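Enquirer:
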Amino acid sequence: MATDDRKILEVKNVKKHFKTVKAVDGVDLHIEKGEYLALLGPNGAGKTTLVEMIEGIQHPDEGEIILQGKHWKGHKEELHHIIGLSLQETRFIDKLTTYETGMLFASFYKLGSKRVNEIIELVGLSEKRNAYVVNLSGGQRQRLALGIALLNKPQILLLDEPTTGLDPNARREIWNILQNLKNEINTSLILTTHYMEEAEVLCDRIVIMDHGKILSQGSMEQIIRLNNFYEIVDFSLHKAPAASWNLQPNTDMCIEWNPEKLSGRLYVKKVQEDMPELFELLNRHNVSINQFNYRKATLDDVFTTLTGRHLNEQES
Amino acid sequence: MKQFYQLLISHFKEIIREPSVIFWGIVFPILMAWGLGIAFTQKPGLTGNIVFIANTSKADILPKTLSSKLNLNKTFSKGQTCYKFNYADKKSGKVELNFYPKTWDEANLMLKKGETSLVIDFKNNNPAFYFDRMNQEAQLLFIHTSGLLEKGPAYFTNLNTHAEPLTLAGTRYVDFLIPGLLGMGIMMSCMWGLSYSLIEKRSKKLLRRMVATPMNKTVFLTSLFTARFTMNIVEAIILVIFAYFYFGLHIQGGIFALILLLTAGNAAFSGLAVLISSRTANPEVGNGLINAIVTPMMVLSGVFFSYHSFPDWIINIIRPLPLTMLNDGVRAVFNEGAGLSETILPTIILIAEGFIFFIAGLKLFKWY
Ligand SMILES: Nc1ncnc2c1ncn2[C@@H]1O[C@H](COP(=O)(O)OP(=O)(O)OP(=O)(O)O)[C@@H](O)[C@H]1O
Ligand SMILES: [Mg+2]
Numbered sequence: 000m001a002t003d004d005r006k007i008l009e010v011k012n013v014k015k016h017f018k019t020v021k022a023v024d025g026v027d028l029h030i031e032k033g034e035y036l037a038l039l040g041p042n043g044a045g046k047t048t049l050v051e052m053i054e055g056i057q058h059p060d061e062g063e064i065i066l067q068g069k070h071w072k073g074h075k076e077e078l079h080h081i082i083g084l085s086l087q088e089t090r091f092i093d094k095l096t097t098y099e100t101g102m103l104f105a106s107f108y109k110l111g112s113k114r115v116n117e118i119i120e121l122v123g124l125s126e127k128r129n130a131y132v133v134n135l136s137g138g139q140r141q142r143l144a145l146g147i148a149l150l151n152k153p154q155i156l157l158l159d160e161p162t163t164g165l166d167p168n169a170r171r172e173i174w175n176i177l178q179n180l181k182n183e184i185n186t187s188l189i190l191t192t193h194y195m196e197e198a199e200v201l202c203d204r205i206v207i208m209d210h211g212k213i214l215s216q217g218s219m220e221q222i223i224r225l226n227n228f229y230e231i232v233d234f235s236l237h238k239a240p241a242a243s244w245n246l247q248p249n250t251d252m253c254i255e256w257n258p259e260k261l262s263g264r265l266y267v268k269k270v271q272e273d274m275p276e277l278f279e280l281l282n283r284h285n286v287s288i289n290q291f292n293y294r295k296a297t298l299d300d301v302f303t304t305l306t307g308r309h310l311n312e313q314e315s
Numbered sequence: 000m001k002q003f004y005q006l007l008i009s010h011f012k013e014i015i016r017e018p019s020v021i022f023w024g025i026v027f028p029i030l031m032a033w034g035l036g037i038a039f040t041q042k043p044g045l046t047g048n049i050v051f052i053a054n055t056s057k058a059d060i061l062p063k064t065l066s067s068k069l070n071l072n073k074t075f076s077k078g079q080t081c082y083k084f085n086y087a088d089k090k091s092g093k094v095e096l097n098f099y100p101k102t103w104d105e106a107n108l109m110l111k112k113g114e115t116s117l118v119i120d121f122k123n124n125n126p127a128f129y130f131d132r133m134n135q136e137a138q139l140l141f142i143h144t145s146g147l148l149e150k151g152p153a154y155f156t157n158l159n160t161h162a163e164p165l166t167l168a169g170t171r172y173v174d175f176l177i178p179g180l181l182g183m184g185i186m187m188s189c190m191w192g193l194s195y196s197l198i199e200k201r202s203k204k205l206l207r208r209m210v211a212t213p214m215n216k217t218v219f220l221t222s223l224f225t226a227r228f229t230m231n232i233v234e235a236i237i238l239v240i241f242a243y244f245y246f247g248l249h250i251q252g253g254i255f256a257l258i259l260l261l262t263a264g265n266a267a268f269s270g271l272a273v274l275i276s277s278r279t280a281n282p283e284v285g286n287g288l289i290n291a292i293v294t295p296m297m298v299l300s301g302v303f304f305s306y307h308s309f310p311d312w313i314i315n316i317i318r319p320l321p322l323t324m325l326n327d328g329v330r331a332v333f334n335e336g337a338g339l340s341e342t343i344l345p346t347i348i349l350i351a352e353g354f355i356f357f358i359a360g361l362k363l364f365k366w367y
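Heads up: the protein sequence lines correspond to chains L and C, in order.
Be aware that the first sequence starts at 0, since it is given in numbering that gives the first Met the number 0, and climbs by one per residue.
Be aware that the second sequence starts at 0, since it is given in numbering that gives the first Met the number 0, and climbs by one per residue.
Set out below in structure tokens:
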């Protein structure tokens, strides 16, 4: 099979369902060596299921997953050695210390205390080296999980919500570790997250998922451009315009109007070019502006429009 | 090898860092052996509380029959008058009988509470004895007390002229109990220790995390068994040593046969533990399953009392249970001097059972 050498991972039309739920519904994805990719999606979008299939923990009903040109079937041993991962929720053995936990996992990769000490240093747990896992804080446990994922210097790193529930500082610490990793060894990363900022800061490419499908992907700018959102204007009016009011002069502009609150939102390419038209229209109808708010579009706007819900919202 | 070693020491640390493990695994069986051993090892002798009917419980007048035959010490404690009779010799041991003067109403109440089992009414100096004929202890008390009232302390001396105590090793209750406790300890430790450890690791998603590494599953399970097996052997040795020094228990049969049998017991219950914990990730479901298997065997398989008083058809069901085979085998080695030739069959069956359970468990096993 001819695969592009740079493609370290290929996911081809992968599907997986549980009874009635289509958890992953035909996903195509690939990632290149050294690329950092964020999987962004609300609860139940299918991120964990997708990632666990890539990790070989779950098996797709349909489709192919190819890591470094190899399928999971028949290459388990080999592939386990090149991936590193942290699950969405793992609790290690309560009454082992940080160091002992590291030693245990290191032994699976035939590594010893030298590497474990390096890792403990790397994830900043030196002070907690001899503390029982059960006594670590949430953030420290996440860092331990990350450290374990990095033990074997993986070529592909798969992290399922590595910063969920952490405070902004702790989150930034993990970002730093991951950014350094990118500069030092040429690891590829797939990271699932609910945090827009995390995806923007860390990743080269962002994939937005919901209901098992990929809705949009690319760099942040690409996604925003692709979906025709550049700039956003929120406004409200003093009185309702006449019934005949129709603001669709330009195909690049799109409007959401709430007649009860007398407020609206405009998605425009360039505010300078499109606003005069709006102002003129309002003048013609003799309506004055109450509030006017202009900002650049963010990923969050795209996300909300694409999925119909915010990132941290529960599935409806 | 590195894997095996690291897994093994992790399992050990996990076991011994849980203080309750030491208690349930080591202290508890010894306490049980000690408590039950003492409670059911009857020393020769006779003690009993006997009520005789008086007009009031404060009565100072002792019935003539009592005072003439026996030399009684009057005491007064906890608001009760009590006349004590003490006697001791080598064969009878210590005899201590307490006579309480009570009215009929009070006597009835004491009977109901189990504070006494024999009531004597000395009407016209002719004693009438009241006791439950189904109660062997009461019966015994009646026989001795009536003899005593007739003949005085000489009764015991005469009684003993032809009675010789039996001093055969392996016939006491502790001799029965300790092998049962050994078997039970292995069962409990495997079922709770192994099953729980597996189910907990599954529910914590730790199993899932571990098999996502190059960890060898066989090595993982082997190390888990080895750790548990070692703990069980240590616990067994401690219990046997305790029984040796405290109760003078001796292993009359073959040590090698015993070791083999205990190993086979470990194998059987380890296999069963894997089978039980092969699918569920819910510790409560696990608890229920384990209890459903462990409790019937604890009651039926002859840990605390012999199963021979059950009806035959039940005995036929009890005999093939793994714990029964283990207990009977261990008991035969301890008390009947059995060797390899007697224990080889149960040993092989137990190992085979363990193997079958294990393979079945592995087929069903959910690592993810
Ligand atoms: N083992 C399973 N059995 C049944 N349904 C499942 C199972 N695993 C996942 N699902 C369902 O599949 C869908 C996708 O779940 P998944 O865990 O992949 O979502 P997610 O994107 O990781 O969500 P979150 O952000 O909450 O972690 C959900 O509707 C979930 O209920
Ligand atoms: Mg998830």
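Note that the Cβ used here is the ideal one computed from N, Cα and C, for glycine as well.
Predicted model, so just to flag it, every value in this text is computed and none were measured.
Report the start-end ranges of each alpha helix (DSSP H) in the stretch 122 to 184 of chain L that is 4 residues or longer and not cut off at the edges.
Expert: Segments of the alpha helix (DSSP H) lying fully in the stretch 122 to 184 of chain L: 137 to 149 and 167 to 183.
Enquirer: So, do the stretch 258 to 269 of chain C and the stretch 173 to 186 of chain C have three or more beta carbon pairs nearer to each other than 8 Å?
Expert: Flag = yes, the stretch 258 to 269 of chain C and the stretch 173 to 186 of chain C touch.
Enquirer: What does the alpha-carbon distance come out to for the pair residue 226(C) and residue 366(C)?
Expert: Answer to the nearest angstrom: the Cα atoms are 20 Å apart.
Enquirer: Taking any Cβ of chain L, which residues in the stretch 213 to 231 of chain C have a Cβ under 7 Å from it, in chain order?
Expert: Taking 7 Å as the Cβ-Cβ cut-off against chain L, the residues of the stretch 213 to 231 of chain C that qualify are 213 and 214.
Enquirer: Cutting at 8 Å between CB atoms, please list the residues of its own chain near residue 270(L), excluding the five before and the five after it.
Expert: Here the set comprises 230, 232 and 293.
Enquirer: Please find out if some non-hydrogen atom of ligand 1 comes closer than 7 Å to the beta-carbon of residue 226(L).
Expert: Outside the cutoff, so no.
Enquirer: Is residue 18(L) close to chain C, meaning its C-beta is less than 8 Å from at least one C-beta of that chain?
Expert: Residue 18(L) does not count as touching chain C.
Enquirer: Kindly indicate if chain C contains any beta-carbon less than 8 Å away from that of residue 67(L).
Expert: Not one chain C Cβ lies under 8 Å of residue 67(L).
Enquirer: Evaluate residue 363(C) with the Cβ neighbour count: other Cβ atoms within 10 Å of its Cβ, from every protein chain shown; 16 or more gives buried, anything less gives exposed.
Expert: Answer is exposed; the Cβ neighbour count stays below 16.
Enquirer: Could you give the uninterrupted runs of the beta strand (DSSP E) lying entirely in the stretch 180 to 218 of chain L, keeping only those of 3 residues or more?
Expert: Taking only runs of at least 3 residues, the beta strand (DSSP E) segments lying wholly in the stretch 180 to 218 of chain L are 187 to 192, 204 to 209 and 212 to 217.
Enquirer: Just the chain C side, please: which residues come within less than 7 Å of residue 107(L) by C-beta, in chain order?
Expert: Per Cβ cutoff of 7 Å: 2, 212, 213 and 214.
Enquirer: Counting only runs that start and end within the stretch 252 to 322 of chain C, where is the alpha helix (DSSP H) found for 4 or more residues in a row?
Expert: DSSP runs (the alpha helix (DSSP H)) wholly in the stretch 252 to 322 of chain C: 254 to 275, 282 to 299 and 311 to 317.
Enquirer: Helix or strand or just coil, what does DSSP make of residue 30(C)?
Expert: In the structure shown, residue 30(C) sits in a helix (DSSP, three-state: H, G or I).
Enquirer: I believe residue 235(L) touches residue 290(L) by the beta-carbon criterion, under 8 Å. Please report the beta-carbon distance rounded to the nearest angstrom.
Expert: Contact holds; Cβ gap of about 5 Å.
Enquirer: Could one say the Cβ of residue 363(C) lies closer than 8 Å to chain L's Cβ atoms, at least one of them?
Expert: Not one chain L Cβ lies under 8 Å of residue 363(C).
Enquirer: What residues does ligand 2 have around it, judged by CB closer than 7 Å to any heavy atom, in chain order?
Expert: Having a Cβ closer than 7 Å to some heavy atom of ligand 2 are 46(L), 47(L), 87(L), 159(L), 160(L) and 191(L).
Enquirer: Mind listing the chain C neighbours of residue 225(L)? Cutoff is C-beta to C-beta under 9 Å, in chain order.
Expert: Correct list: empty, because the minimum Cβ distance to chain C is about 34 Å.
Enquirer: Please compile the residues from chain C whose C-beta is within a distance smaller than 8 Å of the C-beta of residue 102(L).
Expert: Per Cβ cutoff of 8 Å: 5.
Enquirer: For a test of the three-state rule: what should DSSP assign to residue 138(C), helix, strand or coil?
Expert: Reduced to three states, the DSSP call for residue 138(C) is helix.
Enquirer: So, under 8 Å CB-CB, residue 32(C) and residue 211(C) are touching, yes? Tell me the CB distance rounded to an integer number of Å.
Expert: Between residue 211(C) and residue 32(C) the Cβ distance is about 45 Å, and since that is not below 8 Å, they are no contact.
Enquirer: May I ask you to report which of helix, strand or coil DSSP gives residue 53(C)?
Expert: Looking at residue 53(C) - three-state DSSP - the assignment turns out to be coil, as it is neither helix nor strand.
Enquirer: Would you call residue 160(C) buried or exposed, if buried means 16 or more other Cβ atoms sit within 10 Å of its Cβ?
Expert: Flag for residue 160(C) reads exposed.
Enquirer: What separation, rounded to the nearest whole angstrom, lies between the Cα atoms of residue 179(L) and residue 348(C)?
Expert: Taking the straight line from one Cα to the other gives about 59 Å.
Enquirer: Please confirm whether residue 230(C) and residue 24(C) have their CB atoms less than 8 Å apart.
Expert: Going by C-beta atoms, residue 230(C) is nearer than 8 Å to residue 24(C).
Enquirer: To the nearest angstrom, report how far apart residue 143(L) and residue 74(L) are at their CA atoms.
Expert: Spanning the two alpha carbons is a distance of roughly 27 Å.
Enquirer: In chain C, which residues lie less than 8 Å from residue 89(L) when you measure between Cβ atoms?
Expert: Going along chain C in sequence order, the residues near residue 89(L) (Cβ under 8 Å) are 203, 204, 205, 207 and 208.
Enquirer: Please classify residue 132(C) as buried or exposed, where buried requires at least 16 other C-beta atoms within 10 Å of its C-beta.
Expert: Residue 132(C) should be labelled exposed.
Enquirer: Below 6 Å CB to CB, which residues in the same chain sit around residue 48(L) once its five sequence neighbours on both sides are set aside?
Expert: The answer, listed in chain order, is 15, 22 and 23.
Enquirer: Let's see if you can read the secondary structure: which residues bound the alpha helix (DSSP H) around residue 156(C)?
Expert: Run containing residue 156(C): 153 to 158, per the alpha helix (DSSP H) assignment.
Enquirer: DSSP three-state call for residue 286(L): helix, strand or coil?
Expert: In this structure, residue 286(L) counts as coil in the three-state DSSP scheme.
Enquirer: For residue 368(C), I'd like the list of residues in its chain whose CB is within less than 6 Å of its CB, leaving aside the five on either flank, ordered along the chain.
Expert: With chain C covering only 0 through 367, there is no way to say anything about residue 368(C).
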